Amino acid sequence: MTVLTVSTTPFDDQKPGTSGLRKKVRVFQQPHYLENFVQAIFDTQPDLKGGMLVLGGDGRYYNREAIQIILRMAAANGVESVMVGKGGILSTPAASHLIRHFEAQGGIILSASHNPGGPDEDFGIKFNTPNGGPAPEKVTEAIHARTKTLSQYLILNGEEVDIDSPQQFQLGNMGVDVFDSVYAYAELMQELFDFDRIRNFFDSTHFRMRFDAMHAVTGPYARYILEELLGAPPGSVINAEPKPDFGGHHPDPNLAHAQELVAMTQGARGVDFAAASDGDGDRNMILGHDFFVTPSDSLAVMAANATLIPAFNGGISGVARSMPTSQAVDRVADMLEVPCFETPTGWKFFGNLLDAGEISLCGEESFGTGSNHVREKDGLWAVLFWLNLLAVKGQSVADIVRAHWRKYGRNYYTRHDYEGIDKAAADKLMKQLKEGLGSLVGDEFNGHRVSYADDFAYTDPVDGSVSKNQGIRIGFKDGSRIIFRLSGTGTEGATLRVYLESLEPDPAKHNQDTQAVMRPLIELAEMLANIKGITGRDAPTVIT
Ligand code: G1P
Ligand code: ZN
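Written out as C-alpha cells, the structure is:
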C-alpha cells in the first residue's frame, strides 16, 4: 500500500459552528471536501501522529463512506492506531468515554446530531480533544485557519476495509480495532447508578416505560442496558434499529418531533415514564405520565437530588448551564452553596470547568444534560439518572417536579424558533437589537422593568479565553428574561431562537399553560426585535 499525496485547493466554508462542521451531504460529497477538513485536523493536531484516534459516527447517510476515507487518511498521516465503532457507529457520549478510557489523542465524530439524514439532508464532522470533549474554540479556529491554506492531503491507496465485525487488523502501518462500544459504555453506567435498585423497582412496581431511540444511534445501547441489564419488558425500547435516514424523521427528542412517544404517556393507559434521545445519542427528553419535564427543570431537579445517586453521594462541586437555559438550577446552587456558571451555548464551554473539577453537573435548554463522567452531554445517562431517582423516591415524575417547584419556585420556560429565515434579515434583526440595547435598561414594559440588556460575552474562568457575541440577553427585575440568538448548527438560511422564561414563586400558580403564561413576554419579544417587520414571519416554526 502506498501513501498518495493529492493536490487540493481550499474551500471557503469550512468554519465549524456550535458543534463541528455541518453541511448538506452533497456538500461533503464534493471531491476533496471531507478530505481537506480531515487533513486540517491532522495538520493542527500533531499528537495524533504516533497516537491513538477514536473514530465513529451516528450511522447517518454517508457515515460509512466517510469512515473509509478517514481510516485511509489516518494511516497515511502516521496515526498509530484507530479504535473504530462497529459498523462505523459510536454514540457521541460513548466516543467521549472511549477517548478518555483509552487515553487516546483525540476522536473524530461524524454526526449532524438531531438534524435529518439522507442524501439530501445533513452530515457533520467534529474533532474531540484528549479530554473527550468537543474541541474548544482555539482548536476549531486553528483547524479552520488551516482549511484556508492547505494545498494537499495524504491518503493511503487501498481497498475498503471491513468495519462490521469486531476484529483487529493492520491498515498500512496503522492498527485498526473494530470495537462494539455498547459494553464499555454500559460498564461505565453501572459504575454511576444503582442498577440493582432500578431492576427491583421495575419488578416490584410493574413500572411501564418507553424509550424512543428515534431510529438513531442509541437503539442498541438502550436495548442492552434497559431491556437486558435492567429487565424492562421487551418492547420498552421503540424505534431501536438505527437507520441512515432515521426512518425519514427528525431524530430530535422534543415535543414537536417525538409525538408518537408523547402520545404513549397520555390518558388512562399512558406509561409511567418515557424518554427519547437524538441522532447521536447526546440529547434527552424526559416525560412522566401526562407530564413533560423541561430540560432546564431536569437539570435543576438533578442538582437538587444528586446525592441520592451513587455517582454523587459525596455531593456536587458546582453546576453550569448555557446562557439561554432557565435559571432554575441557579437557585438550587444557591441553596446548596455551590457555584453556578453561565456559559455560552454549546457543550464545548463546559469542558474546562469539568476538567478543573469546578462543576459536577451541567446542561442546556436544548435537551442536553451531562456530568463529569464524560465530556459530552449524554442522553441515556440522563434517562438512567431519572430512573435511579424514581427508584429511590418512589414518587411519580410529576410529583417530583411539582415538589421541586414548591420549594424553589417554577421557571416557566419556552423557546420559539424561526427556522429557514433569510440570512440577511436575521443579521439585520440582531444588529438593530444590539444598537437598541443601551437605552433599554430601566424601561418598563407591561409591568416588567429591564434590569440589564447586553450582548453576552464569556471569559472562561479556567484559561481566561474570551468568547464574544454569544446572544442578546434582556433581563427583568422580576427574574424573567428574553434571549435572542442565531443558531450555529443549521445548514440552510438562518434560524432565530427566542428564549423566554419567567419565575413564578406562588405554588397556587404552578399549573398553568406555559404558552398562556408567557404570552405577554412573547409579545414583548416580538415588539423589541420587530420579528414580523424584518423577517415577514408572524409565528415561530417550532416551539419547545
Ligand atoms: C443547538 C443548541 C445548543 C446545542 C447544539 C448542539 O445549537 O441550541 O444548545 O449545544 O445545538 O447540540 P444552535 O443551533 O442553537 O447553535
Ligand atoms: Zn446530538
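Taking our numbering as reference, the numbering of the sequence shown is continuous, increasing by one, and the terminal residue is 544.
Note that beta-carbon positions come from the ideal geometry of N, C-alpha and C, so glycine has one too.
The model shown is predicted, which means the values in this text are computed figures rather than measured ones.
* Asked: What distance in whole Å lies between the Cβ atoms of residue 53 and residue 14, which are believed to be in contact at a cut-off of 8 Å?
  -> With a Cβ gap of about 20 Å, residue 14 and residue 53 do not count as contacting.
* By the 10 Å Cβ neighbour count, where 16 or more other Cβ atoms means buried, how is residue 341 classified, buried or exposed? -> Counting every other CB atom within 10 Å of its CB across the protein chains shown gives residue 341 a total of 16 or more, marking it as buried.
* Asked: Quick one, which of 60, 44 and 69 has its alpha-carbon nearest residue 150's?
  -> Answer by Cα proximity: 44.
* To do: Evaluate the contact criterion for the stretch 74–87 versus the stretch 114–131: three or more CB pairs, one atom per stretch, below 8 Å.
  => Contact annotation: the stretch 74–87 does not touch the stretch 114–131, with fewer than three C-beta pairs closer than 8 Å.
* the ligand ZN heavy atom lying under 7 Å from the CB of residue 92 -> Checking the Cβ of residue 92 against the ligand ZN gives yes.
* To do: Go ahead and pull the three-state DSSP assignment for residue 540.
  => In the three-state reduction of the DSSP assignment, residue 540 falls in the coil class, being assigned neither a helical nor a strand state.
* Asked: Terminal residues of the continuous beta strand (DSSP E) containing residue 419?
  -> Residues 410–421.
* Taking 7 Å as the cut-off, is the CB of residue 96 close to at least one heavy atom of the ligand G1P? -> Residue 96 has its Cβ no nearer than 7 Å to any heavy atom of the ligand G1P.
* Backbone CA spacing between residue 61 and residue 91 [nearest angstrom] -> Looking at the two C-alpha atoms, the distance is approximately 15 Å.
* Asked: How long is the line joining the alpha carbons of residue 345 and residue 324, rounded to whole angstroms?
  -> Their Cα atoms are separated by approximately 7 Å.
* Asked: From which residue to which residue does the beta strand (DSSP E) around residue 371 run?
  -> For residue 371, the uninterrupted beta strand (DSSP E) run begins and ends at 368–371, by DSSP.
* What separation, rounded to the nearest whole angstrom, lies between the Cα atoms of residue 359 and residue 470? -> Using only the alpha carbons, I get a separation of about 21 Å.
* Identify whether residue 254 lies in helix, strand or coil by the three-state DSSP scheme. => Of the three classes helix, strand and coil, the one that applies to residue 254 here is coil, per DSSP.
* Give the secondary structure of residue 438 by DSSP, where H, G and I count as helix, E and B as strand, and everything else as coil. => Residue 438 falls in the helix class under three-state DSSP.
* Which one or two residues does DSSP pair with residue 155 in a beta bridge? -> According to the DSSP secondary-structure assignment, residue 155 is paired through a beta bridge with 4.
* To do: Compute the distance between the beta-carbons of residue 459 and residue 255, then report whether it is under 8 Å.
  => Going by C-beta atoms, residue 459 is not nearer than 8 Å to residue 255.
* Asked: Is residue 282 near the ligand ZN, judged by its Cβ being under 7 Å from some heavy atom?
  -> Yes, the beta carbon of residue 282 sits closer than 7 Å to at least one heavy atom of the ligand ZN.
* Would you mind stating whether residue 222 and residue 284 have Cβ atoms separated by less than 8 Å? => No.
* Residues of its chain near residue 161, where Cβ-Cβ distance is below 8 Å and the 5 sequence neighbours each way are ignored -> Excluding positions up to five away in sequence, the list reads 68, 71, 169, 171 and 176.
* Distance cut-off 7 Å: residue 278 Cβ against heavy atoms of the ligand ZN -> Annotation for residue 278 indicates a beta carbon within 7 Å of some heavy atom of the ligand ZN.
* **Whole-angstrom distance between residue 421 and residue 226, CA atom to CA atom** => Rounded to the nearest whole angstrom, the CA to CA distance from residue 226 to residue 421 is 41 Å.
* Asked: Alpha carbon to alpha carbon, what distance is there between residue 368 and residue 165?
  -> If you draw a straight line from the Cα of residue 165 to the Cα of residue 368, it comes to about 32 Å.
* To do: For residue 182, collect the residues of the same chain with a Cβ closer than 7 Å to its Cβ; drop the 5 residues on either side in sequence, then sort them by chain order.
  => Hits under 7 Å: 220, 221 and 224.
* Which listed residue (26, 212, 519 and 235) has its alpha carbon closest to that of residue 412 -> When 26, 212, 519 and 235 are compared, the shortest CA-CA separation from residue 412 is found for 519.
* Beta-carbon proximity check, residue 480 vs residue 448, cutoff 8 Å -> Closer than 8 Å, so yes.
* Asked: Are the stretch 240–249 and the stretch 265–273 touching by the rule of at least three beta carbon pairs closer than 8 Å?
  -> The stretch 240–249, when compared against the stretch 265–273, does not touch it at the 8 Å Cβ threshold.
* With respect to 7 Å, is the separation between the Cβ of residue 114 and the closest non-hydrogen atom of the ligand ZN below this value? -> Checking every heavy atom of the ligand ZN against the Cβ of residue 114, one is found closer than 7 Å.
* Asked: In three-state DSSP terms, what is residue 249?
  -> It is coil, neither helix nor strand.
* To do: Report yes or no: do the stretch 136–147 and the stretch 33–52 share at least 3 C-beta pairs separated by less than 8 Å?
  => Output reads yes: the stretch 33–52 touches the stretch 136–147.
* Option in 209, 465, 79 and 297 with minimal Cα separation from residue 137 -> When only C-alpha atoms are compared, the closest one is 465.
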